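Colleague: Have a look at this one before I ask anything.
Numbering (the working numbering), first residue to last: 6 to 184.
The following block contains the structure:
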């Protein structure tokens, strides 16, 4: 258990360092789109560390734009639901959603690693929210967002802005209730 706690603290620290580095590079260069190499150099981390937590520079920048932990949760949920909002992304995502249980059963370790990478920015944001149980809260928000996204993709339905906002506000109210 200690090793898991140490890893969690390390990952949380890495995400915080990457976010801080992105802000620092943007302030110094005046660019709103710094290169990943600049961010990792500023953070003192590797590309591997960057991609362990973020699928792309855009994902990091979305998280970085939020100035509070709950703002970061908001951006994370919106990012997950964006896969259903964008027709092309939904079309590309649909085969994975349809086969998700079979893939999870056949490729358990790979799916778990992928899930953990998706959860890392959320977990880092929730570490700064005084909730009763950040680990469970991370899982609950993850399941809520992914479940909603899967439902929209399976139904071939694009969520309206109010649908996304409702899901976000539901998650935020649940997290705020614990404080």
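Note that the Cβ used here is the ideal one computed from N, Cα and C, for glycine as well.
Predicted model, so just to flag it, every value in this text is computed and none were measured.
Check the C-beta distance from residue 19 over to residue 66 and give it rounded, since I have them as a contact under 8 Å.
Modeller: Not really, about 17 Å apart at Cβ, beyond 8 Å.
Colleague: Within the continuous alpha helix (DSSP H) that includes residue 139, where are the two ends?
Modeller: 139-160
Colleague: How many angstroms separate the CA atom of residue 100 from the CA atom of residue 179?
Modeller: 31 Å
Colleague: Can you give me the Cβ contacts of residue 123 inside the same chain, cut-off strictly under 6 Å, excluding the 5 residues immediately before and after it?
Modeller: none
Colleague: Would you identify the three-state DSSP class for residue 100, choosing helix, strand or coil?
Modeller: Helix, per DSSP.
Colleague: From residue 166 to residue 91, what does the alpha carbon distance come to, in whole angstroms?
Modeller: Taking the CA atoms as reference points, residue 166 sits about 12 Å from residue 91.
Colleague: Looking at C-beta atoms only, is the number of pairs between the region 102-120 and the region 73-83 that lie closer than 8 Å three or more?
Modeller: no
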